[in-house]
Amino acid sequence: MISNNQKKLIRQLRMKKYRDSSALFIAEGAKIVADMLNKGIKPHTLFCTEKGVADLKNLGIDASSNITIADEPEMKEFSEMVHATSVLAILQKPAANLIEPDYLSKILNGPTDTLVLALDDIQDPGNMGTIIRIADWFGIHNILLSPTCADPFGPKAVQASMGAIARAEITQCNLVDFFNMLDRKVPVYGTVLEGENIYRASLSQNGVILMGNEGHGLSKEILDSLTHRLLIPSYPSDAASTSESLNVAAATSVVLSEFRRRI
333 MISNNQKKLI RQLRMKKYRD SSALFIAEGA KIVADMLNKG IKPHTLFCTE
383 KGVADLKNLG IDASSNITIA DEPEMKEFSE MVHATSVLAI LQKPAANLIE
433 PDYLSKILNG PTDTLVLALD DIQDPGNMGT IIRIADWFGI HNILLSPTCA
483 DPFGPKAVQA SMGAIARAEI TQCNLVDFFN MLDRKVPVYG TVLEGENIYR
533 ASLSQNGVIL MGNEGHGLSK EILDSLTHRL LIPSYPSDAA STSESLNVAA
583 ATSVVLSEFR RRI
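In the numbering used here, the protein residues as written are 333 to 595.
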């Protein structure tokens with residue numbers, strides 16, 4: 333049974349200020365939780381139905397000392413999934429996945445084949461989590477966030493990342509200040525309407541890939557930091573109209589795929 337104090341904590345962790353102050357976050361679903369635990373993220377408390385305990389064991393997780401047994405109505409009360417989950421976890425934010433911008437700039441300024449993904453004012457937590465998942469798929473684990481980005485440890489972002497947040501190395505910083513730390517030889521790529529066709533452009537195996545806000549793209553102050561401006565072209569048939577733009581997560585997938593294709 334979930335105690336009143338535990339219920340209060342779960343509700344608080346839906347809000348960013350409590351996630352920041354406690355260094356805790358929430359994840360739902362046996363597979364996502366098991367993936368995070370297997371990646372070394374430490375559990376604070378696991379709330380499971382009897383089925384959830386079995387689901388975790390089937391995934392190789394036996395965390396009986398941290399489990400609070402809950403019934404289905406209790407889980408439904410706190411679950412943000414369409415169908416109430418059998419496992420809800422309060423987890424400790426991994427210190428290892430918070431990187432310092434000056435450390436990352438030193439890596440990029442040296443001889444390297446490192447690609448870094450930078451996100452400018454991504455607002456939708458679902459997009460945030462999906463982008464982290466996409467970056468994980470393409471082997472890009474260093475991710476920079478502007479201060480106005482959605483919290484990557486918010487419940488919706490964590491769910492959308494499908495456990496990839498456990499492998500991401502994330503820092504939040506002023507992106508303009510970060511780019512000022514970089515050697516001018518380090519390429520900074522960004523997608524803009526007046527950019528070069530990405531399928532014809534010369535792409536490096538090191539540098540920073542910058543993706544912008546869902547509605548207005550990259551902010552004006554960040555545009556001057558770009559060394560290469562890229563465009564994902566549409567392919568209308570017979571001059572037919574197309575969608576106005578790509579979803580930022582879809583665009584990130586296209587861009588990262590094209591960079592990795594050149595290896």
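Note that beta-carbon positions come from the ideal geometry of N, C-alpha and C, so glycine has one too.
Note that the coordinates shown come from a computational prediction; the quantities given were computed from them, not determined experimentally.
*May I ask you to report which of helix, strand or coil DSSP gives M333?*
Coil at M333, not helix or strand.
*Range of the contiguous alpha helix (DSSP H) that encloses I541*: If you look at I541, you'll find it isn't in any alpha helix (DSSP H); it sits in the beta strand (DSSP E) that goes 539–543.
*Identify whether E528 lies in helix, strand or coil by the three-state DSSP scheme.*
The DSSP-derived three-state label of E528 is strand.
_Residues near A434 by beta carbon distance below 8 Å, same chain, minus five either side_ = In the sequence under discussion, the amino acid at residue 434 is Asp, which differs from the Ala named in the question. For D434, same chain residues with a beta-carbon under 8 Å away, outside a window of 5 residues either side, are M513 in chain order.
*asked:* Within a Cβ cutoff of 8 Å, which residues of the same chain sit near R592, ignoring the five residues on either side of it in sequence?
replied: Counting only Cβ-Cβ distances below 8 Å, and skipping sequence neighbours, we find F470, G471.
*Count the other C-beta atoms from every protein chain shown that fall within 10 angstroms of the C-beta of H415, then say buried if there are 16 or more, exposed otherwise.*
Exposed: under 16 other Cβ atoms inside 10 Å.
*Could you tell me the boundaries of the alpha helix (DSSP H) in which I422 lies?*
Under the DSSP assignment, I422 falls outside any alpha helix (DSSP H), being part of the beta strand (DSSP E) whose first and last residues are 419–424.
*Check each candidate in E526, V518, E528, G549 and name the one with the smallest Cα separation from G539.*
Distances from the alpha-carbon of G539 to those of E526, V518, E528, G549 put V518 closest.
*Out of D483, I497, I454, which has the shortest C-alpha to C-alpha gap to I464?*
Closest option to I464, Cα to Cα, is I497.
*Using the C-alpha atoms, what's the distance from D452 back to D403?*
In a straight line, the C-alpha of D403 is about 41 Å away from that of D452.
*Can the beta-carbon of R516 be found closer than 9 Å to that of T480?*
Contact flag unset, no.
*DSSP three-state call for T444: helix, strand or coil?*
If DSSP states are grouped into helix, strand and coil, T444 belongs with coil.
*In this structure, what does DSSP give as the bridge partners for S375?*
Residue 375 is actually Pro in this sequence, not Ser. Beta-bridge pairing links P375 to L423.
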